[in-house]
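Read through the structure below, which is laid out as structure tokens, and then see the notes.
Protein chains in written order, with the numbering used here: chain R, 5 to 312; chain Z, 35 to 344.
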């Protein structure tokens with residue numbers, strides 16, 4: 005399997021489309037961090053390095069929203085032609101006629117994709133940290149580093165989901181174009197249309213009127229949240245928010261209301277508590293990624309390999 | 035004699051359609067076996083079952099003593115496979131493509147580097163070893179495919195349509211290569227093809243498959259005489275002067291079934307090859323032979339015959 009892994013890894017880093025996307029993400033990431041740093045300079049905060057990732061300045065959104073937006077593209081791009089590309093290049097029967105198990109081939113491909121994602125994300129993070137140190141004149145604290153490390157892990161799992169989805173479509177569809185289109189459709193659905201869908205379902209189950217009491221509002225909000233959490237993009241947003249913003253207390257309506265009404269200055273949570281807060285989201289992301297890959301694995305193992 | 039391939043009542047159905055039915059194939063060590071049949075006859079399906087890449091519906095396959103269905107890894111270690119329309123990673127060089135295959139076969143890089151040069155030289159691609167395969171012509175890719183088979187030193191090579199889509203010169207180069215590698219390494223070769231003329235030149239034995247069934251098997255001579263046994267072989271003789279006496283003498287030869295004459299040319303239908311007897315009989319009557327043409331059935335005729343029947 006390691007042979008497949010290294011070959012695929014080399015392929016990913018050598019490919020032109022990867023280079024293009026990587027440069028794009030690097031430039032956008034740095035630009036957003038730069039504006040964030042400009043904004044932060046005026047009002048110093050406790051966790052200044054973390055806020056480099058989350059705060060936005062002017063027209064540019066934060067690095068976090070960039071990652072939740074472009075992350076899926078990286079994942080899909082690495083996965084969408086993993087299997088059907090081998091069919092259309094007619095290399096599949098030649099490679100599978102070598103003494104390797106079929107599963108070590110698809111596993112090697114998935115792991116190589118995941119490693120590519122991990123390396124990409126960590127290098128962008130390091131670039132941002134370096135930029136931050138240069139601009140602010142001091143380094144991040146130990147806790148900040150830990151939180152950034154966890155953020156890195158969550159991002160890799162999140163992009164890993166999209167990689168798994170891309171591989172799934174590459175197994176299901178024979179044409180690379182159809183799998184690419186299907187992946188993009190899924191990305192649009194989970195990133196944009198899920199809001200509308202959540203609102204629609206919540207309106208149906210708990211209709212809001214001028215006379216509805218607070219319980220109905222709460223119920224409406226809960227249903228909306230539940231539907232939204234089908235989407236890995238929501239899970240990712242919630243999980244990373246808690247990790248990168250230590251003051252963040254939770255996602256429940258009660259927590260938000262009390263914060264807004266009382267305007268009590270909140271103390272940051274310790275890292276363990278932040279992690280505990282979003283543990284369900286993290287597990288959900290891992291499960292989604294696992295399910296995606298497991299389905300493609302199961303289909304691929306039964307697939308006929310004749311190329312004609 | 036050691037059997038490299040042995041299948042017993044091999045069957046494969048796709049959604050109830052019979053792709054291969056009760057196939058009993060036996061290929062001996064060191065043979066070049068021509069596996070013939072029209073498109074869709076079940077050649078590729080059989081090959082995939084030999085390699086353990088597709089599971090048979092019923093029956094058993096053994097390659098080099100290993101059961102392909104249960105021990106595919108052992109079989110694939112000993113067998114080289116050149117698929118029909120072979121494809122390579124176009125962004126990698128010829129050398130890198132071969133190195134990947136060598137690594138998948140567990141050959142350490144130290145050994146494979148030397149071996150890659152060796153096989154590339156063998157197929158005449160050493161000068162372009164560092165080109166990207168995307169720039170290769172069809173014939174070069176096919177030769178690279180043969181290098182790809184040779185890199186693992188197989189006991190048994192399966193070549194699926196190795197010469198389709200290649201110009202005649204390239205095709206004959208490839209065929210020469212196949213014969214040489216088979217003889218040098220005592221390698222068994224299964225050559226699946228529908229290009230009969232080429233198969234006829236290099237195969238020791240052929241098997242003809244039609245609609246999933248093996249309809250004929252044997253050397254080309256054996257298959258030919260089987261057909262002439264039924265319909266007779268044809269000899270055309272041109273003599274300087276055709277006398278009635280001569281005609282009688284020819285008709286009396288044992289095994290001659292029919293004689294037709296037109297001008298000074300005789301057309302004989304006989305059992306087997308009787309050219310020696312015919313020329314002797316004519317000489318005894320004082321006739322002079324200007325031309326004598328025996329028509330032994332070509333593989334093409336054999337092949338067409340079996341398909342008409344099958």
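Ideal placement from N, C-alpha and C gives every residue a C-beta, glycine not left out.
Buried versus exposed call for residue i [16 or more other C-beta atoms within 10 Å across all chains shown]
| i | result |
| --- | --- |
| residue 240(Z) | buried |
| residue 312(R) | Any reading at residue 312(R) needs caution, since the residue's pLDDT is 47, under 50, leaving its predicted position unreliable; the model's value is listed next. Exposed, because fewer than 16 other Cβ atoms sit within 10 Å of the Cβ of residue 312(R). |
| residue 109(R) | buried |
| residue 80(Z) | buried |
| residue 51(Z) | exposed |
| residue 191(R) | buried |
| residue 211(R) | exposed |
| residue 98(R) | buried |
Proximity to residue i [Cα-Cα], best of the options
| i | options | result |
| --- | --- | --- |
| residue 42(R) | 29(R), 57(R) and 30(R) | 57(R) |
| residue 137(Z) | 28(R), 9(R), 169(R) and 172(R) | 9(R) |
| residue 190(Z) | 201(Z), 71(Z), 298(Z) and 98(Z) | 98(Z) |
| residue 135(R) | 215(R), 38(R) and 20(R) | 38(R) |
| residue 118(Z) | 192(Z), 106(Z) and 107(Z) | 192(Z) |
| residue 114(R) | 233(R), 308(R) and 299(R) | 299(R) |
| residue 226(Z) | 39(Z), 77(Z), 36(Z) and 131(Z) | 77(Z) |
| residue 31(R) | 63(R), 85(R), 44(R) and 70(R) | 70(R) |
| residue 58(Z) | 49(Z), 50(Z), 92(Z) and 88(Z) | 92(Z) |
| residue 102(Z) | 156(Z), 114(Z), 83(Z) and 115(Z) | 83(Z) |
| residue 202(Z) | 180(Z), 232(Z), 212(Z) and 213(Z) | 232(Z) |
| residue 83(R) | 165(R), 143(R), 221(R) and 55(R) | 165(R) |
| residue 245(Z) | 340(Z), 315(Z), 333(Z) and 255(Z) | 340(Z) |
| residue 287(R) | 129(R), 173(R) and 162(R) | 162(R) |
| residue 54(R) | 280(R), 307(R), 284(R) and 244(R) | 244(R) |
| residue 16(R) | 126(Z), 72(Z), 302(Z) and 113(Z) | 126(Z) |
| residue 45(R) | 33(R), 59(R) and 34(R) | 59(R) |
| residue 66(R) | 33(R), 240(R) and 193(R) | 33(R) |
| residue 327(Z) | 107(Z), 73(Z), 132(Z) and 271(Z) | 271(Z) |
| residue 324(Z) | 275(Z), 315(Z), 282(Z) and 179(Z) | 275(Z) |
| residue 154(Z) | 143(Z), 144(Z), 183(Z) and 142(Z) | 183(Z) |
Paired residues, beta bridge with residue i - DSSP
| i | result |
| --- | --- |
| residue 52(Z) | 47(Z) |
| residue 100(Z) | 97(Z) |
| residue 30(R) | None; residue 30(R) has no bridge partner. |
| residue 154(R) | According to DSSP, residue 154(R) bridges with nothing at all. |
| residue 247(Z) | 244(Z) |
| residue 166(Z) | 127(Z) |
| residue 190(Z) | 113(Z) and 222(Z) |
| residue 37(Z) | 62(Z) |
CB-CB length for residue i against residue j, believed under 8 Å
| i | j | result |
| --- | --- | --- |
| residue 376(R) | residue 295(R) | No statement about residue 376(R) is possible, as the shown extent of chain R runs from 5 to 312 and does not include it. |
| residue 133(R) | residue 248(R) | Contact doesn't hold; Cβ gap of about 13 Å is too wide. |
| residue 46(Z) | residue 39(Z) | With a Cβ gap of about 16 Å, residue 46(Z) and residue 39(Z) do not count as contacting. |
| residue 159(R) | residue 75(R) | 6 Å |
| residue 152(R) | residue 129(R) | 6 Å |
| residue 292(Z) | residue 284(Z) | No, residue 292(Z) and residue 284(Z) are not in contact; Cβ-Cβ is about 11 Å, not under 8 Å. |
Straight-line gap, residue i to residue j (C-alpha atoms, nearest Å)
| i | j | result |
| --- | --- | --- |
| residue 63(Z) | residue 221(Z) | 7 Å |
| residue 178(R) | residue 120(Z) | 18 Å |
| residue 126(R) | residue 189(R) | 28 Å |
| residue 238(Z) | residue 65(Z) | 6 Å |
| residue 309(R) | residue 197(Z) | 22 Å |
| residue 96(R) | residue 102(R) | 10 Å |
| residue 277(R) | residue 137(R) | 27 Å |
| residue 195(Z) | residue 228(Z) | 8 Å |
| residue 206(R) | residue 304(R) | 38 Å |
| residue 216(R) | residue 233(R) | 25 Å |
| residue 176(Z) | residue 199(Z) | 10 Å |
| residue 211(Z) | residue 253(Z) | 21 Å |
| residue 11(R) | residue 198(R) | 37 Å |
| residue 214(R) | residue 229(R) | 22 Å |
| residue 43(Z) | residue 37(Z) | 16 Å |
| residue 140(Z) | residue 156(Z) | 22 Å |
| residue 152(Z) | residue 169(Z) | 22 Å |
| residue 172(R) | residue 186(R) | 10 Å |
| residue 181(Z) | residue 129(Z) | 10 Å |
| residue 172(Z) | residue 146(Z) | 25 Å |
| residue 285(R) | residue 156(R) | 15 Å |
| residue 213(Z) | residue 207(Z) | 10 Å |
| residue 73(Z) | residue 251(Z) | 18 Å |
Distance cut-off 6 Å: residue i Cβ against heavy atoms of the ligand MN
| i | result |
| --- | --- |
| residue 202(R) | As presented, the structure is devoid of all ligands, the ligand MN included, so that no description of it is given. |
Contacts that residue i makes with chain A (C-beta to C-beta distance below 7 Å)
| i | result |
| --- | --- |
| residue 95(R) | Given the protein chain composition of this structure (R and Z), no chain A is represented. |
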